[in-house]
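Okay, structure first, notes after.
Here it is as structure tokens:
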């Protein structure tokens, strides 16, 4: 059946988030099509992370709506967002420190899959994210980059169709960042992604379409080249870095 | 993944438990056996807190709420029914339901850890004061007078369907059997999907929510099971002393439950049980002498543990027993890896 070529799977309308007098997001209209790998960039305090938290249910927007796959998720709890088949990775690694790498991944997988399939998916994910050597180690004792990967593996093991990643390469070495970029491209083969990032090299490695946030609103959307050519973007963001 | 890596250790615990269960009445005096029944009741209470706090991260300072309610529900129901089998079921259900109701408000209200401790402690102290004031003849449920400060009598357990009362020695068997079943039930529970999610919530509630678990439901489930278990402890306690009094809700038991878990080891199930037995005998022994105040010693024990052995006795011992063996294994693995490295690459 020939469906509409562009299928919007995530949409926000007039999304506004205020903390007291501070406006973190103002009237953000955002659309994400199926199969996209979208990067959200912007300088510190541009409202990327707040926007991300509104999408994942960690924050309840002051105004406006969030729609995921046709379901209104405005003000939904994170577990309700996850139940729609959304995989979420937060900025600071949120993992189960006292549990083993395997147990962390299994818990994520088992939520949506029966026992046997969860075990198989866990084993498969451990291989895929190259955690085989440390699979029995306690996550709390791992290095920062490894913890990031464990969290990514937890996202992958649930087999989500939509993946939301907040700074997946933060604090990683160049080599680790490269591997993470490869992982994200692989995830994109089966899932739609939103990646919030700071690291411009990382974004160049993965980006298809980029949304630039500035002062709580969307400044411009387009390919990396289009965005980099925009004078305002150069001024507010890239200019400081390059 | 092997969920039962400690099968041998568990079998050993079970065997020791059974030997104690059938051996103790043969060698010990009746007075000691009756005393032990009370200690077992407290051990079940410790186990319930060990489950809720150690595996769910729910710091319930008022686990005695469900302990006392279980004991009172048993006594009142047994006096009314004239039969104790139904009373046991009623008591466990009352305790579990109370935990479910209290838990609903706390978990859906997103109460943070410290306030959760304060609220549960307040609830048990409110019940303590409330029941203390029920001494008049107008305070009765069915035919059972609540009796205020003096409490009310708890009819001893009967053999189901025959109505024959249990002797103290038989009561000891029942209590010890209940403790063993409860202990292994808790072990099993913590290794099911449900139990593992509870541990995950203890570790990081945000992450548990982000991977799609409604953490409130899991905490409510665990808290209710813990409440029911504390209710069972209350039934055994009522049988051990033959009466139920408001003291069951009081601060001494509420605080001791926390001490048992801290001393024995949070995050283990055997720890709180051993902690309860150990402290019970320490306080009984201290009670027989006049030189030092028992509560002061308890306080010192608690301070000592928090400062020197914050994880508790059982995890401390396990670390010392397990570490040499694990490092030996790692050493062997390293040798093997070394050998492999020496072989030519494909």
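Chains as they are written, first to last, in the numbering used here: chain U, 916 to 1157; chain Z, 409 to 754. Don't be surprised by glycine CBs; every beta carbon is placed ideally from N, CA and C.
Taking residue i as the reference, which of the options has the closest Cα?
| i | options | result |
| --- | --- | --- |
| residue 646(Z) | 563(Z), 601(Z), 549(Z) and 568(Z) | 563(Z) |
| residue 498(Z) | 719(Z), 680(Z) and 636(Z) | 636(Z) |
| residue 605(Z) | 1063(U), 1093(U), 1095(U) and 1019(U) | 1019(U) |
| residue 1142(U) | 1126(U), 1130(U) and 1132(U) | 1126(U) |
| residue 1071(U) | 1085(U), 1147(U), 1042(U) and 1031(U) | 1042(U) |
| residue 1082(U) | 984(U), 948(U), 956(U) and 925(U) | 956(U) |
| residue 1073(U) | 1061(U), 1105(U) and 1059(U) | 1105(U) |
| residue 703(Z) | 717(Z), 688(Z), 714(Z) and 496(Z) | 688(Z) |
| residue 1097(U) | 1056(U), 1118(U) and 1075(U) | 1118(U) |
| residue 959(U) | 990(U), 1133(U), 1039(U) and 1129(U) | 1129(U) |
| residue 692(Z) | 418(Z), 429(Z), 447(Z) and 412(Z) | 447(Z) |
| residue 1051(U) | 970(U), 1014(U) and 962(U) | 1014(U) |
| residue 418(Z) | 622(Z), 620(Z), 724(Z) and 592(Z) | 592(Z) |
| residue 1114(U) | 1046(U), 931(U) and 1086(U) | 1086(U) |
| residue 664(Z) | 595(Z), 515(Z), 690(Z) and 639(Z) | 690(Z) |
| residue 770(Z) | 643(Z), 414(Z) and 454(Z) | Outside the shown range of chain Z, which is 409 to 754, sits residue 770(Z), and nothing can be said about it. |
| residue 924(U) | 1149(U), 1133(U), 1076(U) and 1103(U) | 1076(U) |
| residue 554(Z) | 724(Z), 512(Z) and 535(Z) | 535(Z) |
| residue 640(Z) | 415(Z), 500(Z), 465(Z) and 461(Z) | 500(Z) |
| residue 1023(U) | 614(Z), 694(Z), 707(Z) and 552(Z) | 614(Z) |
| residue 607(Z) | 522(Z), 461(Z), 706(Z) and 714(Z) | 461(Z) |
| residue 493(Z) | 612(Z), 570(Z), 457(Z) and 436(Z) | 570(Z) |
| residue 458(Z) | 643(Z), 720(Z) and 727(Z) | 720(Z) |
Cβ closer than 7 Å: which chain U residues qualify as neighbours of residue i?
| i | result |
| --- | --- |
| residue 598(Z) | Under the 7 Å cutoff, chain U gives no residues; its nearest Cβ is about 12 Å from residue 598(Z). |
| residue 611(Z) | 1011, 1012, 1013 and 1014 |
| residue 507(Z) | Chain U residues near residue 507(Z): none, gap ~22 Å exceeds 7 Å. |
| residue 669(Z) | Here the premise fails: no neighbours, minimum Cβ distance about 17 Å. |
| residue 498(Z) | None at all; the shortest Cβ gap to chain U is about 35 Å. |
Determine the chain Z residues that contact residue i at a beta-carbon separation under 9 Å, and present them in chain order.
| i | result |
| --- | --- |
| residue 1005(U) | 614, 615 and 618 |
| residue 940(U) | Here the premise fails: no neighbours, minimum Cβ distance about 20 Å. |
| residue 998(U) | 620 and 622 |
| residue 1073(U) | 619 and 620 |
Along chain Z, in chain order, which residues have C-beta atoms closer than 7 Å to that of residue i?
| i | result |
| --- | --- |
| residue 1028(U) | Per Cβ cutoff of 7 Å: no residues; residue 1028(U) is ~11 Å from chain Z at best. |
| residue 984(U) | What residue 984(U) touches in chain Z: nothing, since even the nearest Cβ is about 15 Å away. |
| residue 1069(U) | 619 |
Going by DSSP, name the residue or residues bridged to residue i.
| i | result |
| --- | --- |
| residue 573(Z) | 566(Z) |
| residue 928(U) | 980(U) |
| residue 1043(U) | Answer by DSSP bridge pairing: none, since residue 1043(U) is not bridged. |
| residue 1148(U) | Residue 1148(U) is not bridged to any residue. |
| residue 1081(U) | 1111(U) |
| residue 411(Z) | None, per the DSSP bridge assignment. |
| residue 1015(U) | 1053(U) |
| residue 728(Z) | Its beta-bridge partners do not exist; DSSP assigns none. |
| residue 933(U) | 938(U) |
| residue 923(U) | 948(U) |
Could you name the residues of chain U that residue i contacts, counting a contact when the two beta carbons are closer than 9 Å?
| i | result |
| --- | --- |
| residue 604(Z) | 1014, 1018, 1021, 1022 and 1025 |
| residue 700(Z) | None at all; the shortest Cβ gap to chain U is about 38 Å. |
Just to make sure I have the definition right: I need the residues of chain Z whose C-beta is within less than 8 Å of the C-beta of residue i. Which are they?
| i | result |
| --- | --- |
| residue 992(U) | 617 and 622 |
| residue 1139(U) | Chain Z residues near residue 1139(U): none, gap ~29 Å exceeds 8 Å. |
Mind pulling the chain U residues with CB within less than 8 Å of residue i?
| i | result |
| --- | --- |
| residue 641(Z) | Those do not exist, as residue 641(Z) stays about 27 Å from chain U at its closest Cβ, beyond 8 Å. |
| residue 522(Z) | Neighbours of residue 522(Z) on chain U: none; closest Cβ ~21 Å, over 8 Å. |
Pairs of beta-carbons, one from the region 1115-1129 of chain U and one from the region 941-959 of chain U, closer than 8 Å: are there three or more? yes
Write down every uninterrupted run of the alpha helix (DSSP H) in the region 507-560 of chain Z whose length is 4 residues or greater and which is fully enclosed by it, in chain order. 521-540
Is the region 522-536 of chain Z touching the region 674-683 of chain Z, taking contact as three or more C-beta pairs under 8 Å? no
Which full runs of the beta strand (DSSP E) of 3+ residues lie inside the region 1089-1139 of chain U, going along the chain? 1107-1111, 1124-1129 and 1132-1137
Any alpha helix (DSSP H) of 4 or more consecutive residues that is wholly inside the region 937-1011 of chain U: 963-971 and 993-998
Looking at C-beta atoms only, is the number of pairs between the region 999-1011 of chain U and the region 575-585 of chain Z that lie closer than 8 Å three or more? no
Per the contact definition of three or more C-beta pairs closer than 8 Å, is the region 1081-1098 of chain U in contact with the region 940-950 of chain U? no
Can you find at least 3 beta carbon pairs, one from the region 1059-1077 of chain U and one from the region 1004-1023 of chain U, that sit closer than 8 Å? yes
Is the number of C-beta pairs between the region 463-475 of chain Z and the region 618-638 of chain Z that are closer than 8 Å three or more? yes
Could I get the ranges of all uninterrupted beta strand (DSSP E) runs contained in the region 637-717 of chain Z, with 3 residues as the minimum, in chain order? none
Every unbroken beta strand (DSSP E) within the region 577-603 of chain Z, with a cutoff of 3 residues, ordered by chain: none
Is the region 929-941 of chain U in contact with the region 972-987 of chain U, if contact means three or more CB pairs nearer than 8 Å? yes
For the pair the region 1031-1045 of chain U and the region 980-987 of chain U, tell me if three or more CB-CB distances fall below 8 Å. no
For the region 414-425 of chain Z against the region 651-658 of chain Z, do three or more pairs of beta-carbon atoms, one drawn from each stretch, fall closer than 8 Å, so that the two count as touching? no
Examine the Cβ distances between the region 435-453 of chain Z and the region 502-514 of chain Z and report whether three or more of them are shorter than 8 Å. no
Do the region 620-632 of chain Z and the region 659-671 of chain Z meet, that is, are 3 or more Cβ pairs less than 8 Å apart? no
Do the region 484-493 of chain Z and the region 552-561 of chain Z make contact, defined as three or more Cβ pairs closer than 8 Å? yes
Does the contact criterion of 3 or more C-beta pairs under 8 Å hold for the region 922-935 of chain U versus the region 960-971 of chain U? yes
Quick one: which unbroken alpha helix (DSSP H) runs of 4-plus residues sit fully inside the region 446-516 of chain Z? Chain order, please. 472-489 and 493-516
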